[in-house]
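Trainee: Residue numbers (the working numbering), protein chains in the order written: chain A, 185 to 516; chain S, 13 to 120. Here it is, the structure in full.
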């Protein structure tokens with residue numbers, strides 16, 4: 185798979201050190217942002233087929249299906265214009281631009297307006313079933329909004345509000361405060377970012393987000409991680425503090441710090457957060473290995489994740505656009 | 013199964029423990045009679061939003077069609093489907109989750 189090849193090569197191609205890293209003495213590959221990967225992830229598309237809910241058709245003829253390539257990192261709001269353009273003439277006459285009643289559905293599961301498209305696909309479809317389930321067949325509704333399960337869409341303002349607040353939440357986690365955004369982000373920056381999302385324009389979006397996303401590990405307080413699954417209705421946002429070397433080492437001890445904070449892996453965190461799903465097992469070569477207690481896939485950005493990947497590298501390179509790292513556990 | 017009810021104890025092992033939330037009015041929003049409430053860890057932020065709205069509407073301090081915004085630590089509005097447990101563990105201050113509510117959008 186293209187993305188997994190990129191992952192393994194990531195430390196050697198087109199990387200650039202993050203700006204703040206220069207003042208720290210020890211640099212390694214994990215401190216570098218992989219711009220080629222960032223763009224590839226931005227360009228990742230999912231083939232989607234959208235049908236209008238049959239019982240909502242206000243016409244004798246059935247509308248055709250909409251086939252569309254949906255950007256994985258973006259939100260359903262992005263494809264809404266095309267969906268409405270095709271279906272608006274068939275909609276119930278009492279529902280003219282009633283944004284707060286519109287919703288997408290997959291297999292009786294209402295999809296969320298405020299969660300990236302790719303995260304919902306990875307959690308609900310996974311990797312093994314992908315070939316069978318592509319294109320991703322969704323149903324669009326103009327009414328019957330599933331109250332309490334999904335946030336109501338209230339047009340562009342909803343989209344803006346929820347995106348900027350998710351961005352501030354991940355900043356609060358990673359930097360200990362969202363002050364950098366609250367104090368320094370100007371209206372025009374916000375508009376440029378949102379415009380980048382609305383038009384799926386990489387330059388507009390990343391010109392602003394780069395400074396918010398690319399932080400050296402010594403600046404980070406916590407990781408911003410969310411874990412979604414197809415077996416539970418809520419997600420998990422674990423509290424993962426980044427221990428500073430001075431915390432782990434007493435003043436007069438001459439022993440070197442045993443654990444470098446950047447060596448914390450995805451497996452370490454999943455084992456800690458989900459003790460009923462993972463366990464440490466000694467393998468035949470005498471090494472400790474992370475084993476799953478049930479049959480599920482661990483997916484990051486559409487790729488089965490390697491448990492030994494440093495969490496910091498994932499946070500920096502594989503986060504979604506709100507700077508949260510989304511991990512999906514898809515149970516088979 | 014109704015996705016709303018779908019649960020898996022291996023993924024999240026919910027219990028009935030509660031945590032404390034402090035509710036603070038901002039700007040023109042009215043103060044609540046109870047400014048500290050205990051909320052179960054397994055609930056979502058939506059429960060807090062609903063509680064504040066109901067209390068304000070009861071006291072005629074908010075009309076049903078008026079907006080209400082709830083923030084954590086005067087910084088960001090969490091997603092309503094985020095778990096109280098996670099918000100508390102990630103953002104608590106002195107063993108309490110600080111929530112600010114406003115009838116207009118605050119904090120960018």
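Just so you know, even glycine gets a beta-carbon here, dropped at the ideal spot from N, CA and C.
Along the chain, where does the beta strand (DSSP E) that runs through residue 299 (chain A) open and close?
Mentor: Note, residue 299 (chain A): premise wrong, no beta strand (DSSP E); not H, not E.
Trainee: Quick one: give me the first and last residue of the alpha helix (DSSP H) that residue 98 (chain S) is part of.
Mentor: 96-103 is the extent of the alpha helix (DSSP H) around residue 98 (chain S).
Trainee: What do you get for residue 95 (chain S), buried or exposed, if any count of 16 or more other CB atoms within 10 angstroms of its CB means buried?
Mentor: buried
Trainee: If you count every other CB in all the chains shown that lies within 10 Å of the CB of residue 398 (chain A), and 16 or more means buried, which is it?
Mentor: buried
Trainee: Is there at least one Cβ from chain A nearer than 9 Å to residue 23 (chain S)'s Cβ?
Mentor: Taking 9 Å as the threshold, the shortest C-beta distance from residue 23 (chain S) to chain A falls below it.
Trainee: List the residues of chain S whose Cβ lies closer than 7 Å to the Cβ of residue 400 (chain A), in chain order.
Mentor: Under the 7 Å cutoff, chain S gives no residues; its nearest Cβ is about 21 Å from residue 400 (chain A).
Trainee: Are three or more beta carbon pairs between the region 353-370 of chain A and the region 234-251 of chain A nearer than 8 Å?
Mentor: Contact fails: fewer than three Cβ-Cβ distances are below 8 Å.
Trainee: Buried or exposed for residue 371 (chain A), please, with buried defined as at least 16 other CB atoms from any protein chain shown within 10 angstroms of its CB.
Mentor: exposed
Trainee: Mark residue 492 (chain A) as exposed unless 16 or more other C-beta atoms lie within 10 angstroms of its C-beta, in which case mark it buried.
Mentor: exposed
Trainee: In terms of residue numbering, what span does the beta strand (DSSP E) encompassing residue 481 (chain A) cover?
Mentor: Residue range 480-484 is occupied by the beta strand (DSSP E) that includes residue 481 (chain A).
Trainee: Is it buried or exposed for residue 303 (chain A), if we count other Cβ within 10 angstroms and need 16 for buried?
Mentor: Looking at its Cβ environment, which holds 16 or more other Cβ atoms inside 10 Å, residue 303 (chain A) is buried.
Trainee: Since residue 34 (chain S) and residue 48 (chain S) are thought to touch, with beta carbons under 8 Å apart, how far apart are those beta carbons, to the nearest angstrom?
Mentor: 5 Å
Trainee: Using the beta-carbon of each residue, which ones in chain S are nearer than 8 Å to residue 413 (chain A)?
Mentor: 20 and 23
Trainee: So for residue 19 (chain S), helix, strand or coil by DSSP?
Mentor: coil
Trainee: Along the beta strand (DSSP E) that carries residue 384 (chain A), what are the first and last residues, could you check?
Mentor: It is not in any beta strand (DSSP E) - residue 384 (chain A) carries neither H nor E in the DSSP assignment.
Trainee: Taking Cβ positions only, does residue 419 (chain A) come closer than 9 Å to chain S?
Mentor: yes
Trainee: May I have the straight-line CA-CA distance separating residue 499 (chain A) from residue 276 (chain A), to the nearest angstrom?
Mentor: 44 Å
Trainee: Tell me which same chain residues have a C-beta within less than 6 Å of the C-beta of residue 249 (chain A), skipping the five on either side of it?
Mentor: 233 and 235
Trainee: Under three-state DSSP, which class holds residue 32 (chain S)?
Mentor: strand
Trainee: Would you give the residue range spanned by the alpha helix (DSSP H) that residue 355 (chain A) belongs to?
Mentor: It spans 340-359 - the alpha helix (DSSP H) in which residue 355 (chain A) sits, taken as one unbroken run.
Trainee: Please report how far the alpha carbon of residue 494 (chain A) lies from the alpha carbon of residue 313 (chain A), in whole angstroms.
Mentor: 27 Å
Trainee: With a cut-off of 8 Å on the beta carbons, I'd call residue 19 (chain S) and residue 417 (chain A) a contact; round off their distance for me.
Mentor: Yes, residue 19 (chain S) and residue 417 (chain A) are in contact; Cβ-Cβ is about 7 Å, under 8 Å.
Trainee: Let me see if you follow: with CB-CB separation under 9 Å, is residue 85 (chain S) close to chain A or not?
Mentor: yes
Trainee: To the nearest angstrom, how far is the alpha carbon of residue 86 (chain S) from that of residue 480 (chain A)?
Mentor: 38 Å
Trainee: For residue 41 (chain S), go through chain A and note every residue whose CB falls closer than 8 Å to its CB, in chain order.
Mentor: Going along chain A, no residue has its Cβ under 8 Å from residue 41 (chain S), so there is no contact; the nearest lies around 18 Å.
Trainee: Of all Cβ atoms in chain S, is any one closer than 9 Å to the Cβ of residue 478 (chain A)?
Mentor: Residue-level contact by beta carbon holds for residue 478 (chain A) and chain S, with a gap shorter than 9 Å.
Trainee: Out of curiosity, what's the CA-to-CA distance linking residue 101 (chain S) and residue 278 (chain A)?
Mentor: A straight line joining the alpha-carbon of residue 101 (chain S) with that of residue 278 (chain A) spans about 45 Å.
Trainee: What's the C-alpha gap between residue 205 (chain A) and residue 326 (chain A)?
Mentor: Low confidence applies here, because residue 205 (chain A) scores a pLDDT of 49, under 50, leaving its location unreliable; read the following figure in that light. The alpha-carbon atoms of residue 205 (chain A) and residue 326 (chain A) are separated by roughly 49 Å.
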